[in-house]
Amino acid sequence: MSDIRRLHQELNSWTEVLALDPMASVDQYVPDVPAAYQRLKAGVGQNSDVLMRYLQVPSLPGEQVLVVCLDGISETQMVDQDIIEHLLKTTTRPDLWNETAVTPVDVTQATTWTDILQKLVEGNTLIFAPRVPFVWVVDTVKYPQRSIGRPQTEMAVRGSEEAFTEVLVTQKTQIRHRLRSPALRFQDYTIGVVQRTKLSVAYLEGIANPALVTTVEERLKAIDVDGVVTITQIGGLIRDHPRSIFPTIRETERVDMAVWRLLEGAVVILMDGDPFVLIAPAPLIEFYRTVMDYSSSWVDTSFVRIIRFMGWLLGIYLPAIFVALAQVNPSILPTSLFIIFQGSNVGLPFPPSVQVVLMILVIETLREAALRLPKVLSTTIGTVGAIVVGTAVVKAGLVDTQIIVIMTLTALSLFSTPVYELTGTWRAIGFLMLVAALYFGILGIALVTIGVIGVLVDMKSFGTPYLEPWAPFRVADWKDGVIRMPWTTMDRRWTGPRSPRRWWRQHETVSTHPRLQKGKMGSRP
788 MSDIRRLHQE
798 LNSWTEVLAL
808 DPMASVDQYV
818 PDVPAAYQRL
828 KAGVGQNSDV
838 LMRYLQVPSL
848 PGEQVLVVCL
858 DGISETQMVD
868 QDIIEHLLKT
878 TTRPDLWNET
888 AVTPVDVTQA
898 TTWTDILQKL
908 VEGNTLIFAP
918 RVPFVWVVDT
928 VKYPQRSIGR
938 PQTEMAVRGS
948 EEAFTEVLVT
958 QKTQIRHRLR
968 SPALRFQDYT
978 IGVVQRTKLS
988 VAYLEGIANP
998 ALVTTVEERL
1008 KAIDVDGVVT
1018 ITQIGGLIRD
1028 HPRSIFPTIR
1038 ETERVDMAVW
1048 RLLEGAVVIL
1058 MDGDPFVLIA
1068 PAPLIEFYRT
1078 VMDYSSSWVD
1088 TSFVRIIRFM
1098 GWLLGIYLPA
1108 IFVALAQVNP
1118 SILPTSLFII
1128 FQGSNVGLPF
1138 PPSVQVVLMI
1148 LVIETLREAA
1158 LRLPKVLSTT
1168 IGTVGAIVVG
1178 TAVVKAGLVD
1188 TQIIVIMTLT
1198 ALSLFSTPVY
1208 ELTGTWRAIG
1218 FLMLVAALYF
1228 GILGIALVTI
1238 GVIGVLVDMK
1248 SFGTPYLEPW
1258 APFRVADWKD
1268 GVIRMPWTTM
1278 DRRWTGPRSP
1288 RRWWRQHETV
1298 STHPRLQKGK
1308 MGSRP
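Residue numbers (the numbering used here): 788 to 1312.
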């Protein structure tokens, strides 16, 4: 009889809903606590971590209230002290519990089962009350996280040692801690149909270009996938030229780098569950700027940036030029170099091109092994492996000693790239240069160079030319390009994000201090 009575009550409730709204969906919540309990029990309630409890509330004599939460994701101590304990004492009617009975700050309402179940799996606590046409949703989410650590992929000698964590709320807090401005904005989004991943777009209102913010938001809204696991997937779905080997959106784990780019007018994308964030726009020059560039003197920074540029030239061109001169175009060499190149290969079974490819395979294998092994063993494998293999191939007569020197310089030069995403790109371009040099010599290297430059000139990153400030040529941005000028000469923001507030430093606020003169350092009291 009890089951029949319960079904009859549920039928009456649905009849009332349909009478008010003939187009009401079956997803609409009907204020029937026993029916809600049965529906939860038949679905997510089958899991052992779903906690459901009936309560006798003084304001509802003879009726029961249902409290539902997830063990491990919800803060159970908060549920006991701030919800259940207060409900057992309240005399307020259920539709006003958010004002008196429930004490947590964030208390909302849910009226559809889709919303109710989603709020539950996110860690919120649900309160079902009789004759209330909605469910109280109380924020009791527990955020398990590791402590804030040091950056692992963008280490620096000077500057901050704070890296992002995997929790979105903490990521926002880290940015707000450094950027205490009322102009800071966070726009939250949810991506994925099955896995509901939370994202947040951060920018400075009045400094970030509204068109840039709108473009980022529209691309995020256009994502239609079942779920994403890493921020790299988000970057691959929203960036310009998604099939290009050149990255057009930057990832960083450093809080200070994200804050500095926000101050320049860029947009930062945060994701719950990934300690890296995305920075847009990101032209090619962006991947050669590090935090340490802004923590050191301008002379030291400029020198280091020139070294990076020279390392890039060596890593891309050195093996290809060696193969072109030693195997395809030896006639353009001076006589002394020609004798050295040809004499060193006498008696070796392979030509220079095969030797270079063989050493590339050895270096890449050692690099991959060092990445996969535990940290204690990776250093030993990388160092000992390079020495042992290099010595063995030379003594075995398979590779010339010149090739060992050239490939060592190439590997070191490529890894001087400060951002890891670009390292793989330049390795691929270097291999393409090597193939072109093998078949066409110096002419092939020149053709590949022209082709790469043409592709880069045509690329954009969220409206910013990829080769800015070289193409188009912008003199103002050269102050923070290959070299960095002193801070007193840098008064404008970087042109790339097209910030409506161009001036970074206001001249009228900078006072001119008179030069101290001898004998006027101050008098004794």
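No residue lacks a Cβ here, since even glycine has one placed at the ideal position from N, Cα and C. None of the values given here were measured: they were computed from a predicted structure.
Check                                                                                                                                      : Outcome
Close beta carbons around GLY1014, own chain, < 6 angstroms, minus the five adjacent residues each side                                    : GLY979, VAL981 and GLN982
CA-to-CA distance, TYR816 to TRP900, given in whole angstroms                                                                              : 6 angstroms
Distance between MET942 and ARG1292 (C-alpha atoms, nearest Å)                                                                             : 28 angstroms
Terminal residues of the beta strand (DSSP E) in which TRP923 lies                                                                         : 922 to 925
Beta-bridge pairing of GLN1142 - partner residues as DSSP gives them                                                                       : BP columns for GLN1142 are empty, so no partner.
Cβ neighbour criterion (16 or more within 10 Å) applied to TRP1257                                                                         : buried
Counted within 10 angstroms of its Cβ, other Cβ atoms place GLU1255 as buried (16 or more) or exposed                                      : buried
Status (buried if at least 16 other CB within 10 Å, exposed otherwise) for MET1220                                                         : buried
Pairwise C-alpha distance: ALA916 and ALA811                                                                                               : With a pLDDT of only 44 at ALA811, under the threshold of 50, the placement of this residue in the model should not be trusted, and no figure is reported.
Simplified DSSP state of SER846, which is helix, strand or coil                                                                            : coil
Rounded separation between ARG1006 and VAL1078 - CA only                                                                                   : 28 angstroms
Proximity winner among GLU1051, PRO1139 and GLY1228, relative to ARG1288 (alpha-carbon distances)                                          : GLU1051
ILE1072 Cβ short of 7 angstroms to the ligand ZN heavy atom set                                                                            : In the structure shown, the ligand ZN is absent, as is every other ligand, since no ligand is present at all.
Pairwise C-alpha distance: PHE1033 and SER1118                                                                                             : 35 angstroms
Contacts around HIS1028, its chain only, beta-carbon distance under 7 angstroms, and the 5 residues preceding and following it disregarded : THR1035 and MET1246
Own chain, CB closer than 6 angstroms to LEU1243, minus 5 neighbours either side, in chain order                                           : TYR1253 and LEU1254
8 angstroms contact criterion, which GLU953 and ASP1043 should meet: CB distance rounded                                                   : 19 angstroms between Cβ atoms; not a contact.
8 angstroms contact criterion, which VAL820 and GLN843 should meet: CB distance rounded                                                    : Incorrect: roughly 12 angstroms between the Cβ atoms, too far for contact.
Reduced DSSP secondary structure (H/G/I, E/B, other) of PRO917                                                                             : coil
Assigned secondary structure, LYS985 (DSSP; H/G/I helix, E/B strand, else coil)                                                            : strand
Spatial distance of GLU1155 from ALA989 (CA atoms)                                                                                         : 35 angstroms
Buried or exposed by the 16-neighbour rule on C-beta atoms within 10 Å, applied to LEU1065                                                 : buried
Identity of the residue in VAL892, THR1212, GLN1114 and GLY1184 nearest PHE1333 by Cα                                                      : With the chain represented from 788 up to 1312, any question about residue 1333 goes unanswered, as that position is not in the structure.
Validate contact between the region 866 to 875 and the region 906 to 925 using beta carbons, cut 8 angstroms, 3 pairs                      : yes
Residues near TRP1265 in its chain [Cβ-Cβ closer than 7 angstroms; skip 5 each side]                                                       : PRO1256
Check whether GLN1327 and PHE951 have beta carbons under 8 angstroms apart                                                                 : Look at the range of the chain in this structure, 788 to 1312, and you will see that residue 1327 is not part of it.
Boundaries of the alpha helix (DSSP H) in which PHE973 is found, first to last residue                                                     : Careful: PHE973 lies outside any alpha helix (DSSP H), inside the beta strand (DSSP E) at 971 to 978.
Residues that MET1058 bridges to, as DSSP identifies them                                                                                  : LEU986
Alpha carbon of ARG1146 to alpha carbon of VAL1192, nearest angstrom                                                                       : In the sequence as presented, Arg is not what sits at residue 1146; that position holds Met. C-alpha separation (whole angstroms): 11 angstroms.
Beta-carbon gap between ALA1045 and ALA1224 smaller than 8 angstroms                                                                       : no
Bridge-paired residues (DSSP) for ASP858                                                                                                   : SER861
At least three beta-carbon pairs within less than 8 angstroms, the region 1270 to 1287 to the region 1103 to 1110                          : no
Exposure label - LEU874; buried when at least 16 CB within 10 Å                                                                            : buried
First and last residue of the uninterrupted beta strand (DSSP E) at GLN932                                                                 : That residue, GLN932, is in no beta strand (DSSP E); it is neither H nor E in DSSP.
7 angstroms Cβ shell around ILE1229 - same chain, five flanking residues per side excluded                                                 : ALA1111 and ASN1116
Cβ neighbour criterion (16 or more within 10 Å) applied to PRO1138                                                                         : exposed
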